[in-house]
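>
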Amino acid sequence: MLEVFLTVILPVFVVAGLSGVLQRWKNLSVGALSPVVVYLLSPALVFMFILNAELPRSTSIKLVAASILCTIGFGVIAALVSLATGQTRALRSGFLLATMFPNAGNMGLPMSYLAFGDPGLTAAIVIFVTQGSIAWPIAIFIAARSGSHGFGPLITALKVPTIYAVFAAAFVRIIGWEIPIGISVPLQFMADSCMPLMLIILGFQLSQGIEIERWKSLAAALLIRLVISVPIAYFITFVLSIDGVSQKTLIAVCAMPSAVFTTLLAHEFNSEPRFVTSATIASTFASLVTLTIVISGLNFVLG
15 MLEVFLTVIL
25 PVFVVAGLSG
35 VLQRWKNLSV
45 GALSPVVVYL
55 LSPALVFMFI
65 LNAELPRSTS
75 IKLVAASILC
85 TIGFGVIAAL
95 VSLATGQTRA
105 LRSGFLLATM
115 FPNAGNMGLP
125 MSYLAFGDPG
135 LTAAIVIFVT
145 QGSIAWPIAI
155 FIAARSGSHG
165 FGPLITALKV
175 PTIYAVFAAA
185 FVRIIGWEIP
195 IGISVPLQFM
205 ADSCMPLMLI
215 ILGFQLSQGI
225 EIERWKSLAA
235 ALLIRLVISV
245 PIAYFITFVL
255 SIDGVSQKTL
265 IAVCAMPSAV
275 FTTLLAHEFN
285 SEPRFVTSAT
295 IASTFASLVT
305 LTIVISGLNF
315 VLG
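Counting from 15, one number per residue, gives the positions in the sequence shown under this note's numbering.
1) Examine the Cβ distances between the region 287–294 and the region 224–242 and report whether three or more of them are shorter than 8 Å.
2) Specify the secondary structure class of residue 271 as computed by DSSP and reduced to three states.
3) Give me, in chain order, the residues of the same chain whose beta-carbon lies closer than 6 Å to that of residue 58; leave out the 5 immediate sequence neighbours on both sides.
4) Counting beta carbon pairs with one atom in the region 266–277 and one in the region 104–120, are three or more of them shorter than 8 Å?
5) When the Cα atoms are used, what is the spatial distance from residue 317 to residue 279?
6) State the CB to CB distance for the pair residue 304 and residue 240, rounded to an integer number of angstroms; the pair is presumed to be in contact (CB under 8 Å).
7) Is the beta carbon of residue 44 closer than 8 Å to that of residue 281?
8) Just the C-alpha distance for residue 145 and residue 37, rounded to the nearest angstrom, thanks.
9) Near residue 47, which residues of its chain fall below 6 Å by C-beta distance, leaving aside the five closest residues on each side in sequence?
10) When the Cα of residue 120 is compared with those of 221, 297, 308, 26, which residue comes out closest?
11) Using the beta-carbon count (16 or more within 10 Å), is residue 199 buried or exposed?
12) With DSSP as the reference, please indicate the residues paired to residue 116 in a beta bridge.
13) Alpha carbon to alpha carbon, how far is residue 133 from residue 249?
14) Could you check what DSSP says for residue 192 in three-state terms: helix, strand or coil?
15) Rounding to the nearest angstrom, what Cα-Cα distance links residue 246 and residue 187 in this structure?
16) For the alpha helix (DSSP H) that contains residue 76, what are its first and last residues?
17) Going along the chain, which residues of its own chain have a beta-carbon closer than 8 Å to the beta-carbon of residue 84, five neighbours each way excluded?
18) Distance, Cα to Cα, residue 170 vs residue 158?
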């Protein structure tokens with residue numbers, strides 16, 4: 015797992031750490047960067063990823079369904095915990111953001127390849143595309159709920175272009191239209207800029223430190239994201255008769271730490287950004303231990 019740390023986790027913290035140092039030095043604000051990512055770069059990233067994703071012909075509908083059901087399952091558990099502990103509306107949104115969405119991309123893909131080889135990477139790509147298609151719309155709606163009531167969250171979510179990027183990319187793929195280079199190149203430029211800027215924003219928030227005042231909620235978020243997610247994912251794969259490498263990969267990806275993009279949405283919609291950032295950072299560090307146990311256990315129990 016040292017290789018995983020050096021190739022997957024360390025680069026994330028190098029970029030975020032340097033950004034945090036810069037923020038402390040120059041007293042920079044994340045306020046101007048967040049809308050750029052939400053309204054410009056992330057739609058380009060989602061559009062280009064869905065458009066160019068090389069999904070295998072043998073893509074399993076069961077694996078796609080399992081990914082969606084896992085997200086729903088995490089959300090139900092998180093919502094019940096949130097209601098039982100009397101969290102505020104804003105904290106409930108932040109709690110859901112921190113627990114529902116695993117880092118299926120920049121951690122899930124390389125981790126699956128290193129743990130399960132090419133078959134694992136193939137399954138992880140299917141999971142990542144599924145997550146990328148549903149996570150942004152759902153997460154935007156959840157984040158918007160922190161400050162809106164009634165139809166407010168839905169209206170706010172519909173104003174964010176990332177949602178339309180999902181449908182636009184799917185439509186372009188269906189009709190087989192080849193996008194002119196004058197359009198595709200700028201879109202790719204923006205898509206390539208999205209993840210680095212997300213890490214910079216994470217670093218800005220990291221410079222504020224990890225929140226410990228609400229340690230019980232933070233501990234619950236980490237427990238759901240890194241531990242409880244495993245039996246939920248296993249149960250869903252069992253019900254859907256998913257086995258082999260696909261089963262192990264789905265369970266491993268579901269046990270990943272909180273997705274980085276949730277910190278961005280939490281800041282943009284004021285859904286307890288410090289809490290979500292703390293959960294993302296803490297879960298990433300803790301996953302060094304939990305993922306080692308999970309992957310070793312999967313190989314031992316499932317073969």
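For glycine and all other residues, C-beta sits at the position ideal for the given N, C-alpha and C.
With the given structure in hand:
1) yes
2) coil
3) 201, 204, 205
4) yes
5) 39 Å
6) 4 Å
7) yes
8) 31 Å
9) 215
10) 26
11) exposed
12) 272
13) 21 Å
14) coil
15) 33 Å
16) 75–98
17) 243, 246, 247, 250, 264, 268
18) 6 Å
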